[in-house]
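One structure is given below, encoded as structure tokens.
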Amino acid sequence: MTGERRTAESMADQHREISISEFFEKNRHLLGYDNKIKALLTIVREGVDNALDATEEARILPDIYIKVEEIKKEKYKVVIKDNGPGIVKKQIPRIFGSLLYGSKFHRLKQSRGQQGIGVSGAVLYAQLTTGESTKIISSTGNGKTHKYELKIDVKVNQPKVVREKVTEDHDNKWHGVQITFIAEGLYREHKQSVMQYIKEVAISNPYANIVFDTPNGRVEFARGVEKLPAEPREIKPHLYGIEVGILTRMLHETKARTLQTFLTSEFTRVGRLSAMDIIKNAGITRENLQTGKEEPDFNISPKKVKHNMRVALVDAIKEVKLTRPPTDCLSPLGADAVQVGLKKELNPEFAATLTRPPEVYRGWPFEVEVGIAYGGSITDPTLMRFANRVPLLYQSGDCAITKAVGQVDWKRYGLAGDKMPDGPVVVFVHFASVWVPFTSESKEAIANYPVIIKEIKLALQDCARKLASYLSGMRRAQAIKEKKEIFERYAGETAAALEELTGEKRKPIEEMIIKLVEEKWGEIVKAINGGEPETPEEESPPPEHDIKEEGEENGESREGDAGEHKEAGE
Ligand SMILES: Nc1ncnc2c1ncn2[C@@H]1O[C@H](COP(=O)(O)OP(=O)(O)O)[C@@H](O)[C@H]1O
Ligand SMILES: [Mg+2]
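Here the sequence shown is numbered in the numbering used here, starting from 722 and rising by one per residue.
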């Protein structure tokens, strides 16, 4: 044994703060950089997700260019260029040079990014693995183009600008961002690769035009719809999702003068009467100086709401019926766009798609859409998972989507397979929400909230039913075709026998039989069809209210749900 025994005092010398960049420098796997193949995918994904977020927010049809080039063994140059609004000069260094800096974390609106560690994480990975800085070129369309080369000063989580330059050319109206990373990686084209990600992006963002220069040549993904999905609105949090910690901070930060106005102004769907009910039920009172009685204290200053009152408020919220959060903060693709996406990239023989009505988990609205594509150019069974239009390629086993797919009894729909339908089937599931409950920072899997699983399952069952009825129609048509061929084959033999019996010429008899079969074919088909059921037995969906989620007991009728489904058949 060496060294002396440590004391609290000597150990105190080693206590110090850790910068977020240092943290992720050691834990880059948490951001999706755990191997070289995945690292390339993560870099491209962070760049493309931002490009799509920015173009959509600026209401521009996205034109995205991606290049992955091997410049030395396992060392790649990755370029991502968009036609978005660009980034103002002042923001460029911090966006790319400091982790946890972004515009999306503090708002509630459906977008791909949310944490603010996406693209700066890629800058960090590039500098860790190759020591190279990242190049950013940006213009807002005013003829000025800003060029930056930067790194992250990991100790302080601040940008370190290596070079910066501005060029002016007023004939150049380009706006957007172009980023060039030099990083370690490995380019492969398999199920969890950059190529698969871009292909799935093209399905879930059919309004984007994407050009991808791979190390093996150019691949283009043409735009399939000329319209962006509806712009999602920003909303305030809903009280059903509130916990004591967040309530405490919000009470401290609010500009509201009274508890009642705090509740009505900082949260969505809280009216004056609901706010008063909550305060009453929480037992927050003060003495009426004239009567000497305790009365509800609606006007108490938010700063004076003490710990026990905050706990009582959170309990009281559960007892009050509030309307569900508004859902215009969501922007699903719509069943028709999902159809277009699936058809243009997969060329299936059949596709059924469906968008479910919005639901709520922990006070956050979400919406599920599903598509099942079958046959045609599809060869293998594939599950495609998406969160806010971003393909999820890893951690499938942990994801609520995979769980829901596994819970569907596919055999009931005439599809072999246990957890996933077998055969040439692509199952597409899109989860859209103002806050996606990812299981980790690398944003790969959706947490298993029962209400989320239930919604996905209901949508899958509906599409599976449509596929089943298509397939049974196909099987029937095939059986009928075979029967007709048999009739035709026997027409010759029957005519030969009749010739022998009657002495009449064989050819005209054969022609008569074929003509007769043609004429009576409708009736024959009906007779063949007789016993076959139209659609297979339905798998009974779980009762609507078997899973209680916050926000469900608000008295709002969910009856109309079935009628609200936006769907698209074949
Ligand atoms: N291509 C781009 N065009 C415009 N703005 C961008 C672009 N890329 C990033 N940004 C801005 O930089 C911020 C930080 O990006 P990022 O680190 O990926 O975090 P997040 O996407 O989670 O917010 C974004 O919130 C956005 O405001
Ligand atoms: Mg991002």
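Just so you know, even glycine gets a beta-carbon here, dropped at the ideal spot from N, CA and C.
Roughly how far, in whole angstroms, is the beta-carbon of residue i from the beta-carbon of residue j, given that I think they are within contact range, below 8 Å?
i: ILE808; j: VAL769; result: That belief does not hold up - the Cβ atoms of ILE808 and VAL769 are roughly 16 Å apart, past 8 Å.
i: ASP803; j: VAL898; result: 6 Å
i: CYS1184; j: VAL1059; result: Actually they do not touch by this definition, with Cβ atoms about 10 Å apart.
i: GLY1096; j: PRO1142; result: Contact doesn't hold; Cβ gap of about 12 Å is too wide.
i: TYR797; j: LEU845; result: Not quite, the Cβ-Cβ distance comes to about 16 Å (not below 8 Å), so this is no contact.
i: VAL1061; j: MET1105; result: The pair is not a contact, with the Cβ atoms about 15 Å apart (cut-off 8 Å).
i: ILE1005; j: THR979; result: Incorrect: roughly 11 Å between the Cβ atoms, too far for contact.
i: THR1076; j: PRO1053; result: 5 Å
How many angstroms separate the CA atom of residue i from the CA atom of residue j?
i: ILE1122; j: GLU885; result: 45 Å
i: GLU1209; j: ALA1198; result: 17 Å
i: ASP1130; j: ARG944; result: 35 Å
i: GLU1253; j: ALA1137; result: Residue confidence for GLU1253 is low, a pLDDT of 49 falling below 50, so the modelled location carries little weight; the figure read from the coordinates is stated next. Each residue's Cα considered, the two are about 20 Å apart.
i: PHE1107; j: GLU1239; result: 50 Å
i: ILE924; j: GLU1232; result: 51 Å
i: GLY1135; j: PRO953; result: 38 Å
i: ALA843; j: HIS736; result: 29 Å
i: ARG780; j: LEU773; result: 10 Å
i: GLU777; j: LEU1051; result: 13 Å
i: VAL922; j: ILE900; result: 19 Å
i: LEU1010; j: GLU1016; result: 10 Å
i: ALA1073; j: PRO1079; result: 19 Å
i: CYS1120; j: GLU1162; result: 14 Å
i: THR975; j: HIS1151; result: 35 Å
i: LYS810; j: THR850; result: 27 Å
i: LEU984; j: VAL1126; result: 39 Å
i: SER1117; j: LYS757; result: 19 Å
i: GLU870; j: LYS788; result: 19 Å
i: ILE838; j: PHE942; result: 28 Å
i: SER914; j: LYS759; result: 7 Å
i: LYS856; j: ARG766; result: 17 Å
i: PRO1046; j: ALA847; result: 41 Å
i: LEU1179; j: ARG1133; result: 14 Å
i: LYS876; j: MET732; result: 21 Å
i: GLY1243; j: ILE1234; result: 15 Å
i: LEU1292; j: ILE1099; result: No statement about residue 1292 is possible, as the shown extent of the chain runs from 722 to 1291 and does not include it.
i: LEU994; j: THR1012; result: 24 Å
i: ASN1169; j: VAL1157; result: 11 Å
i: GLY864; j: PHE744; result: 39 Å
i: LYS1202; j: PHE1071; result: 20 Å
i: GLU955; j: GLU889; result: 36 Å
i: GLU795; j: ASN1109; result: 31 Å
i: ALA1248; j: LYS1241; result: 11 Å
Considering just the uninterrupted stretch of the alpha helix (DSSP H) at residue i, what are its terminal residues?
i: SER1052; result: Here SER1052 belongs to no alpha helix (DSSP H), and DSSP marks it neither H nor E.
i: GLN917; result: 915-925
i: PHE744; result: 741-747
i: GLY839; result: 839-851
i: GLY1213; result: 1171-1223
i: LYS1124; result: 1121-1128
i: LYS1001; result: 993-1002
i: LEU761; result: 757-778
Return the first residue and the last residue of the beta strand (DSSP E) that residue i is part of.
i: LEU1113; result: 1111-1113
i: ALA1094; result: 1085-1095
i: PRO697; result: The chain is shown from 722 up to 1291; residue 697 falls before or after that span and cannot be answered.
i: VAL1150; result: 1146-1154
i: ASN930; result: 930-935
i: THR1103; result: 1103-1108
i: LYS868; result: 865-874
i: GLU1080; result: 1080-1082
i: GLN899; result: 896-905
i: THR942; result: According to the sequence as given, residue 942 is Phe; it is not Thr. Segment 938-942, the beta strand (DSSP E) holding PHE942.
Do residue i and residue j have their C-beta atoms within less than 8 Å of each other?
i: VAL883; j: LYS872; result: yes
i: GLU1176; j: VAL1089; result: yes
i: PHE1159; j: ALA1153; result: no
i: LEU829; j: PRO958; result: yes
i: ILE963; j: ILE858; result: no
i: TYR1292; j: ARG815; result: Because the chain here runs from 722 to 1291, residue 1292 falls outside it and cannot be looked at.
i: GLU1066; j: LYS1236; result: no
i: VAL991; j: LEU1043; result: yes
i: PRO1023; j: ALA1056; result: no
i: PRO1086; j: TYR918; result: no
i: ALA1094; j: PRO1069; result: yes
i: PRO936; j: GLU738; result: no
i: GLY852; j: HIS896; result: no
i: VAL799; j: PHE933; result: no
i: THR763; j: LEU751; result: no
query: Which residues, in chain order, sit with a beta-carbon under 7 Å away from any heavy atom of ligand 2?
result: GLU767, ASP770, ASN771, ASP774, GLY823, ARG833, GLY834, GLY839 and VAL840
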